[in-house]
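First the structure, in the form of structure tokens, and then the observations on it.
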Amino acid sequence: MDLGVQPSWSSAQLAQKIKHKVKAYDLEIVYGISDNCSKLKKAMQDCGISWIGDCTHEMANVSKTLFKKDEQSNGFIIRMNQLRRKWILSRHTLLIPPELRTKDRFHQMFVIHKWAEQILKNWENISEPAKAELLFVQHNEALIISMRQCYDLIQIFCSLFKSKGIQHNSLNQWKGKVEQYKEQEVCSEKA
Numbered sequence: 062m063d064l065g066v067q068p069s070w071s072s073a074q075l076a077q078k079i080k081h082k083v084k085a086y087d088l089e090i091v092y093g094i095s096d097n098c099s100k101l102k103k104a105m106q107d108c109g110i111s112w113i114g115d116c117t118h119e120m121a122n123v124s125k126t127l128f129k130k131d132e133q134s135n136g137f138i139i140r141m142n143q144l145r146r147k148w149i150l151s152r153h154t155l156l157i158p159p160e161l162r163t164k165d166r167f168h169q170m171f172v173i174h175k176w177a178e179q180i181l182k183n184w185e186n187i188s189e190p191a192k193a194e195l196l197f198v199q200h201n202e203a204l205i206i207s208m209r210q211c212y213d214l215i216q217i218f219c220s221l222f223k224s225k226g227i228q229h230n231s232l233n234q235w236k237g238k239v240e241q242y243k244e245q246e247v248c249s250e251k252a
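Under the numbering used here, think of the first position of the sequence shown as 62, with each following residue one higher.
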């Protein structure tokens, strides 16, 4: 539902806009989906609308929880940042770890695992001096795999529920896709 654009909204203004749209279009709104905006949640509550968290925001919060306080993950990030500073003007510029944003919804996991997987994939083509500096990547392969798996599942989840909503059919599709993903992962581990 389009409520219009302005620099900021109060919950009362939002509730008034929602009520106007409901009346103008003879709508019955049972639930609303949004991020965790307190003003929007309050406006929905004032209009008798159940609030449901946006699946991408909820998944972001879950993934952040998984890795934010993880000692191995944080150690890996520290090593990446140290190597980035060291190599920024070196002959290893093509191998430099990506710059990480301090505030990232998915705690930088996507950027990290993609860079690390490229390093591992091209390991044989990397010079010996560079390999010595990049050993921490090889030593953290299990962490990189878990980040990629989390990324893959988030992509599957968001592509399914963002477009179809959470309902019986989409939940069954989710379960099927997760089982399919598990089988695929088991097969790739055996290879």
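Virtual Cβ for every residue (Gly too), placed ideally from N, Cα, C.
From a predicted model like this one, the values you see are computed outputs, not experimental measurements.
Given that a residue counts as buried once 16 or more other Cβ atoms are within 10 Å of its Cβ, and exposed if not, what is Met62? It is exposed - the Cβ of Met62 has fewer than 16 other Cβ atoms within 10 Å.
Rounded separation between Glu175 and Gln77 - CA only: One detail in the question is off: residue 175 reads as Lys in this sequence, not Glu. C-alpha separation (whole angstroms): 45 Å.
Which residues in the same chain have their Cβ closer than 6 Å to the Cβ of Asp107, if we skip the five residues on either side of it in sequence? Ala76
Exposed or buried, Ser124, counting other C-beta atoms within 10 Å across all chains shown (16 or more means buried)? buried
Please report the residue range of the beta strand (DSSP E) in which Ser95 lies. Going by DSSP, Ser95 is part of the beta strand (DSSP E) stretching over Tyr92 to Ser95.
For Ala193, count the other beta carbons within 10 Å of its own beta carbon; 16 or more makes it buried, fewer makes it exposed. Which is it? Ala193 should be labelled exposed.
Sheet register partners of Trp235 (DSSP bridge): DSSP output for Trp235 lists no bridge partner at all.
What does the alpha-carbon distance come out to for the pair Met141 and Asn201? 12 Å
Whose C-beta lies closer than 8 Å to the C-beta of Ser99 among residues of the same chain, with five residues either side of it excluded? Ser72
How would you call Val239, buried or exposed, if buried means at least 16 neighbouring beta carbons within 10 angstroms? Exposed, since its Cβ has fewer than 16 Cβ neighbours within 10 Å.
Give the DSSP-derived three-state secondary structure of Ile113 in the structure shown. strand
Skipping 5 residues on each side, what residues in its chain have a beta carbon closer than 6 Å to that of Arg209? Result list for Arg209: His174, in chain order.
Whose C-beta lies closer than 8 Å to the C-beta of Ile205 among residues of the same chain, with five residues either side of it excluded? Listed in chain order, the non-local C-beta contacts of Ile205 below 8 Å within the same chain comprise Ile173, His174, Ala177, Glu178, Leu181 and Val198, local neighbours out to five positions each way being set aside.
Would you call Gln169 buried or exposed, if buried means 16 or more other Cβ atoms sit within 10 Å of its Cβ? buried
Counting C-beta neighbours from all protein chains within 10 Å, is the total for Lys211 16 or more, i.e. buried, or is it exposed? Reading the sequence as shown, one finds Cys at residue 211 and not Lys. By the 16-neighbour rule on beta-carbons within 10 angstroms, Cys211 is buried.
DSSP state of Val172 mapped onto helix, strand, coil: helix
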